[in-house]
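The next block holds one structure in the form of C-alpha coordinates; read it before the comments.
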Amino acid sequence: MKYPFEAEFSDIVAAPEPFVSAVFSSLASEFLTLPKGEGFVDYAAFETGYEALKKATRGFAALPRSKVLKTVLEVPIAFVVLRSMLGFSPPEWAYVATQRHGSELNQGFARALDRKVRISPLSPLRPSPAMTKRIEAMVGTACDLLEEGCPEVQTHQIHRLQKADTVGGLTALRNMAAIGAPYAMLLYERFLGRPFAGHRDSVSELVGDGLENAIEDQLAKSGISFRKTRPAERFSLRKHSTAWLIAPNSRASRRNENGCLRGGIVLPARMNDGKAGNRRAGVVQHTWGSGMCVNCAATHTPG
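Under this note's numbering, the first residue of the sequence shown carries the number 8, and numbering increases by one thereafter.
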(Lines of atoms letter the chains of each structure in order from A and count residues from 1; the text may use other names and numbers.)
(Lines give C-alpha, C1' and ligand atoms only; values in the text may rest on other atoms or scores of the structure.)
Protein backbone atom coordinates (compact mmCIF):
# COMPACT_ATOMS: atom_id res chain seq x y z
CA MET A 1 0.00 0.00 0.00
CA LYS A 2 1.46 3.32 -1.10
CA TYR A 3 1.65 6.46 1.04
CA PRO A 4 0.49 9.79 -0.45
CA PHE A 5 4.05 11.04 -0.89
CA GLU A 6 4.86 7.96 -2.98
CA ALA A 7 2.00 8.50 -5.46
CA GLU A 8 1.05 10.97 -8.12
CA PHE A 9 -1.47 13.65 -7.19
CA SER A 10 -3.87 12.45 -9.87
CA ASP A 11 -3.88 8.95 -8.29
CA ILE A 12 -4.76 10.43 -4.89
CA VAL A 13 -7.61 12.53 -6.32
CA ALA A 14 -9.00 9.54 -8.22
CA ALA A 15 -9.05 7.23 -5.19
CA PRO A 16 -8.16 8.98 -1.90
CA GLU A 17 -9.55 6.32 0.49
CA PRO A 18 -6.63 3.85 0.26
CA PHE A 19 -4.13 6.63 0.94
CA VAL A 20 -6.12 7.87 3.93
CA SER A 21 -6.20 4.30 5.26
CA ALA A 22 -2.46 3.94 4.72
CA VAL A 23 -1.72 7.06 6.73
CA PHE A 24 -4.07 6.28 9.59
CA SER A 25 -2.84 2.71 9.87
CA SER A 26 0.68 4.05 10.41
CA LEU A 27 -0.18 6.65 13.05
CA ALA A 28 1.71 6.15 16.30
CA SER A 29 2.40 8.25 19.37
CA GLU A 30 5.92 8.62 20.71
CA PHE A 31 5.69 9.91 24.28
CA LEU A 32 8.61 8.08 25.91
CA THR A 33 11.09 10.69 24.73
CA LEU A 34 10.74 14.47 24.81
CA PRO A 35 12.92 17.28 23.52
CA LYS A 36 14.71 19.02 26.36
CA GLY A 37 14.35 22.46 24.83
CA GLU A 38 16.19 25.61 25.77
CA GLY A 39 14.58 25.98 29.19
CA PHE A 40 15.18 22.48 30.53
CA VAL A 41 16.50 22.49 34.11
CA ASP A 42 18.61 19.52 35.19
CA TYR A 43 18.47 18.16 38.71
CA ALA A 44 21.86 19.53 39.76
CA ALA A 45 20.77 23.11 39.07
CA PHE A 46 17.40 22.59 40.76
CA GLU A 47 19.10 21.11 43.82
CA THR A 48 21.41 24.14 44.00
CA GLY A 49 18.39 26.41 44.24
CA TYR A 50 16.75 24.19 46.83
CA GLU A 51 19.85 24.09 49.03
CA ALA A 52 20.29 27.87 48.75
CA LEU A 53 16.68 28.38 49.84
CA LYS A 54 17.02 25.85 52.65
CA LYS A 55 20.16 27.58 53.93
CA ALA A 56 18.58 31.06 53.82
CA THR A 57 15.59 29.85 55.84
CA ARG A 58 17.58 27.69 58.30
CA GLY A 59 15.96 24.50 57.12
CA PHE A 60 12.60 26.23 56.56
CA ALA A 61 12.35 27.18 60.22
CA ALA A 62 11.07 30.57 59.04
CA LEU A 63 10.58 32.39 55.75
CA PRO A 64 12.06 35.88 56.19
CA ARG A 65 10.89 37.74 53.09
CA SER A 66 14.09 39.77 52.63
CA LYS A 67 16.34 36.69 52.78
CA VAL A 68 14.14 34.66 50.46
CA LEU A 69 14.04 37.54 47.95
CA LYS A 70 17.82 37.95 48.17
CA THR A 71 18.26 34.22 47.50
CA VAL A 72 15.95 34.36 44.49
CA LEU A 73 17.90 37.26 43.00
CA GLU A 74 21.30 35.64 43.65
CA VAL A 75 20.33 32.06 42.75
CA PRO A 76 17.33 32.52 40.41
CA ILE A 77 16.48 28.83 40.18
CA ALA A 78 15.22 29.23 43.75
CA PHE A 79 12.27 31.06 42.14
CA VAL A 80 11.32 27.82 40.35
CA VAL A 81 11.86 25.85 43.57
CA LEU A 82 9.36 28.13 45.34
CA ARG A 83 6.88 27.66 42.51
CA SER A 84 7.34 23.89 42.73
CA MET A 85 6.59 24.00 46.45
CA LEU A 86 3.33 25.80 45.70
CA GLY A 87 2.51 23.53 42.79
CA PHE A 88 1.41 26.53 40.70
CA SER A 89 2.02 27.52 37.11
CA PRO A 90 3.64 30.98 36.61
CA PRO A 91 0.32 32.64 35.61
CA GLU A 92 -1.47 31.09 38.59
CA TRP A 93 1.19 32.39 40.95
CA ALA A 94 0.93 35.88 39.44
CA TYR A 95 -2.87 35.81 39.70
CA VAL A 96 -2.84 34.88 43.40
CA ALA A 97 -0.16 37.53 44.06
CA THR A 98 -2.37 40.14 42.39
CA GLN A 99 -5.33 39.12 44.53
CA ARG A 100 -3.34 39.29 47.75
CA HIS A 101 -1.23 42.38 47.13
CA GLY A 102 -3.65 44.43 45.07
CA SER A 103 -0.95 45.42 42.57
CA GLU A 104 -1.45 44.30 38.99
CA LEU A 105 0.93 41.47 38.10
CA ASN A 106 0.90 40.67 34.41
CA GLN A 107 0.75 36.93 33.86
CA GLY A 108 2.95 37.36 30.80
CA PHE A 109 5.59 38.83 33.10
CA ALA A 110 5.43 35.70 35.27
CA ARG A 111 5.86 33.43 32.26
CA ALA A 112 8.76 35.50 30.90
CA LEU A 113 10.53 35.59 34.26
CA ASP A 114 10.09 31.86 34.78
CA ARG A 115 11.52 31.13 31.35
CA LYS A 116 14.43 33.51 31.89
CA VAL A 117 15.26 31.75 35.14
CA ARG A 118 15.07 28.30 33.55
CA ILE A 119 17.37 29.33 30.70
CA SER A 120 19.98 30.81 33.06
CA PRO A 121 19.20 29.16 36.42
CA LEU A 122 22.40 30.18 38.21
CA SER A 123 23.01 33.64 36.72
CA PRO A 124 22.09 36.36 39.25
CA LEU A 125 19.17 38.58 38.29
CA ARG A 126 19.67 42.32 37.82
CA PRO A 127 16.07 43.54 37.81
CA SER A 128 14.88 47.11 37.53
CA PRO A 129 13.15 48.66 40.58
CA ALA A 130 9.72 48.01 39.06
CA MET A 131 10.61 44.40 38.26
CA THR A 132 12.02 43.92 41.76
CA LYS A 133 8.68 45.00 43.25
CA ARG A 134 6.86 42.43 41.15
CA ILE A 135 9.24 39.66 42.14
CA GLU A 136 8.96 40.76 45.77
CA ALA A 137 5.15 40.51 45.56
CA MET A 138 5.33 36.99 44.14
CA VAL A 139 7.92 35.87 46.70
CA GLY A 140 5.88 37.40 49.52
CA THR A 141 2.76 35.60 48.32
CA ALA A 142 4.60 32.27 48.16
CA CYS A 143 5.94 32.72 51.70
CA ASP A 144 2.48 33.64 52.99
CA LEU A 145 0.88 30.58 51.44
CA LEU A 146 3.60 28.22 52.64
CA GLU A 147 3.33 29.58 56.19
CA GLU A 148 -0.47 29.42 56.26
CA GLY A 149 -0.72 25.90 54.92
CA CYS A 150 -3.87 24.40 53.51
CA PRO A 151 -7.21 25.90 54.64
CA GLU A 152 -10.18 23.68 55.36
CA VAL A 153 -12.28 22.76 52.36
CA GLN A 154 -15.48 20.80 51.93
CA THR A 155 -15.30 17.01 51.78
CA HIS A 156 -16.06 16.95 48.05
CA GLN A 157 -13.21 19.37 47.29
CA ILE A 158 -9.42 19.24 47.30
CA HIS A 159 -7.21 22.30 47.78
CA ARG A 160 -4.10 22.96 45.70
CA LEU A 161 -2.04 23.21 48.90
CA GLN A 162 -3.34 19.88 50.14
CA LYS A 163 0.04 18.29 49.52
CA ALA A 164 2.36 16.50 51.91
CA ASP A 165 4.78 19.43 52.23
CA THR A 166 2.25 22.30 52.30
CA VAL A 167 -0.84 20.93 54.05
CA GLY A 168 0.45 21.81 57.53
CA GLY A 169 2.32 25.05 56.93
CA LEU A 170 5.99 25.33 57.91
CA THR A 171 5.78 22.32 60.21
CA ALA A 172 4.97 20.02 57.30
CA LEU A 173 7.61 21.73 55.17
CA ARG A 174 10.31 21.26 57.81
CA ASN A 175 9.38 17.62 58.33
CA MET A 176 9.56 16.87 54.63
CA ALA A 177 12.90 18.64 54.31
CA ALA A 178 14.32 16.80 57.34
CA ILE A 179 13.05 13.24 56.95
CA GLY A 180 11.93 13.08 53.33
CA ALA A 181 8.74 11.65 51.88
CA PRO A 182 7.47 8.05 51.88
CA TYR A 183 7.70 6.54 48.40
CA ALA A 184 3.96 5.86 48.31
CA MET A 185 3.30 9.56 48.91
CA LEU A 186 5.66 10.51 46.10
CA LEU A 187 3.88 8.11 43.75
CA TYR A 188 0.46 9.45 44.75
CA GLU A 189 1.39 13.06 44.04
CA ARG A 190 3.00 11.97 40.78
CA PHE A 191 -0.29 10.29 39.92
CA LEU A 192 -2.19 13.51 40.58
CA GLY A 193 0.24 15.69 38.66
CA ARG A 194 1.41 13.44 35.78
CA PRO A 195 5.21 13.20 35.43
CA PHE A 196 6.84 15.73 33.12
CA ALA A 197 3.52 17.52 32.46
CA GLY A 198 5.09 20.92 33.13
CA HIS A 199 8.02 20.15 30.86
CA ARG A 200 5.73 18.88 28.11
CA ASP A 201 3.86 22.18 28.24
CA SER A 202 7.11 24.16 28.06
CA VAL A 203 8.28 22.35 24.91
CA SER A 204 4.90 22.24 23.18
CA GLU A 205 6.17 24.61 20.49
CA LEU A 206 9.07 22.28 19.73
CA VAL A 207 6.60 19.43 19.42
CA GLY A 208 4.55 21.43 16.93
CA ASP A 209 7.55 22.71 14.99
CA GLY A 210 8.01 19.40 13.16
CA LEU A 211 4.57 19.70 11.63
CA GLU A 212 4.83 23.45 11.02
CA ASN A 213 8.16 23.04 9.21
CA ALA A 214 6.70 20.33 6.98
CA ILE A 215 3.73 22.56 6.14
CA GLU A 216 6.03 25.49 5.37
CA ASP A 217 8.10 23.30 3.03
CA GLN A 218 5.00 22.22 1.12
CA LEU A 219 3.71 25.80 0.83
CA ALA A 220 7.10 27.05 -0.38
CA LYS A 221 7.40 24.26 -2.96
CA SER A 222 3.93 25.09 -4.27
CA GLY A 223 4.69 28.81 -4.49
CA ILE A 224 2.01 29.74 -1.95
CA SER A 225 2.66 32.87 0.10
CA PHE A 226 2.45 32.45 3.86
CA ARG A 227 3.45 34.09 7.09
CA LYS A 228 4.19 32.23 10.31
CA THR A 229 2.43 33.91 13.22
CA ARG A 230 3.98 34.49 16.62
CA PRO A 231 2.65 32.72 19.74
CA ALA A 232 -0.73 34.17 20.83
CA GLU A 233 -0.67 36.66 17.95
CA ARG A 234 -4.02 38.25 17.12
CA PHE A 235 -5.23 38.23 13.54
CA SER A 236 -8.12 39.58 11.54
CA LEU A 237 -9.62 38.16 8.37
CA ARG A 238 -11.79 40.08 5.94
CA LYS A 239 -15.21 38.88 4.98
CA HIS A 240 -15.10 36.11 2.35
CA SER A 241 -11.41 35.59 3.12
CA THR A 242 -9.88 32.39 1.77
CA ALA A 243 -7.11 32.28 4.37
CA TRP A 244 -6.27 29.00 6.09
CA LEU A 245 -4.73 28.95 9.54
CA ILE A 246 -2.63 25.88 10.29
CA ALA A 247 -2.67 25.78 14.06
CA PRO A 248 -0.79 22.94 15.78
CA ASN A 249 -0.31 25.09 18.90
CA SER A 250 -3.56 27.08 18.95
CA ARG A 251 -6.94 26.50 20.55
CA ALA A 252 -7.33 23.70 18.01
CA SER A 253 -4.58 21.80 19.86
CA ARG A 254 -5.23 19.70 22.92
CA ARG A 255 -3.42 16.95 24.76
CA ASN A 256 -5.14 13.73 25.72
CA GLU A 257 -4.53 11.77 28.90
CA ASN A 258 -1.50 10.08 27.32
CA GLY A 259 0.15 13.40 26.51
CA CYS A 260 -0.51 13.10 22.76
CA LEU A 261 -0.97 16.38 20.94
CA ARG A 262 -4.23 16.82 19.06
CA GLY A 263 -3.84 19.41 16.38
CA GLY A 264 -6.22 21.15 14.05
CA ILE A 265 -6.69 23.19 10.94
CA VAL A 266 -8.75 26.38 11.26
CA LEU A 267 -10.77 26.86 8.09
CA PRO A 268 -12.50 30.02 6.82
CA ALA A 269 -15.98 28.64 7.52
CA ARG A 270 -18.76 30.86 8.90
CA MET A 271 -16.40 33.83 8.96
CA ASN A 272 -19.15 36.35 9.67
CA ASP A 273 -21.75 35.65 12.36
CA GLY A 274 -23.80 38.75 11.61
CA LYS A 275 -22.34 40.92 14.35
CA ALA A 276 -20.06 43.78 13.46
CA GLY A 277 -16.43 43.02 14.07
CA ASN A 278 -16.99 39.38 15.04
CA ARG A 279 -15.35 36.57 13.14
CA ARG A 280 -15.52 32.85 13.69
CA ALA A 281 -13.74 29.92 12.12
CA GLY A 282 -14.58 26.25 11.94
CA VAL A 283 -12.05 23.86 13.47
CA VAL A 284 -11.22 20.42 12.12
CA GLN A 285 -9.21 18.25 14.50
CA HIS A 286 -7.09 15.17 13.95
CA THR A 287 -4.35 13.50 15.94
CA TRP A 288 -0.61 13.30 15.47
CA GLY A 289 2.14 12.12 17.79
CA SER A 290 3.45 14.07 20.75
CA GLY A 291 6.78 14.96 19.21
CA MET A 292 7.29 12.72 16.17
CA CYS A 293 6.50 13.62 12.56
CA VAL A 294 3.27 12.05 11.27
CA ASN A 295 1.91 12.66 7.76
CA CYS A 296 -1.80 13.28 7.38
CA ALA A 297 -3.61 12.78 4.09
CA ALA A 298 -7.23 13.19 5.21
CA THR A 299 -9.54 15.47 3.29
CA HIS A 300 -11.18 17.96 5.68
CA THR A 301 -14.36 19.99 5.45
CA PRO A 302 -15.29 22.98 7.60
CA GLY A 303 -17.09 22.07 10.80
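Glycine residues also receive a C-beta, built at the ideal position from the N, C-alpha and C atoms.
If you draw a 10 Å sphere on the C-beta of Ile165, you find fewer than 16 other C-beta atoms in it, and that means exposed.
Going by beta carbons, Met145 and Leu177 fall outside the 8 Å limit. DSSP places Tyr102 within a helical segment (H, G or I) once states are collapsed to three. Per DSSP, the unbroken alpha helix (DSSP H) holding Val124 starts and ends at 114-126. Three or more Cβ pairs closer than 8 Å define a contact, and the stretch 103-110 falls short of that threshold against the stretch 30-44.
Listed in chain order, the non-local C-beta contacts of Val210 below 7 Å within the same chain comprise Leu41, Pro42, Gly44, local neighbours out to five positions each way being set aside. Under the 10 Å beta carbon count, Val160 is surrounded by fewer than 16 other beta carbons and is classified as exposed. Counting the other CB atoms within 10 Å of its CB gives Phe16 a total below 16, which places it among the exposed residues. Rounded to whole angstroms, the Cβ separation of Leu60 and Ala85 is 5 Å, and the two are in contact under 8 Å. In this structure, the alpha-carbon of Ala185 lies about 8 Å from that of Gly66.
Of all alpha-carbon atoms in Pro97, Thr173, Gly147, Tyr10, the one lying nearest the alpha-carbon of Pro158 is that of Thr173. Residue state for Phe47 is assigned as coil, using DSSP reduced to three classes. The Cβ atoms of Glu143 and Leu89 do not sit closer than 8 Å to each other. Taking C-alpha positions only, Ala204 is separated from Ala137 by approximately 32 Å. If you draw a straight line from the Cα of Glu13 to the Cα of Phe47, it comes to about 38 Å.
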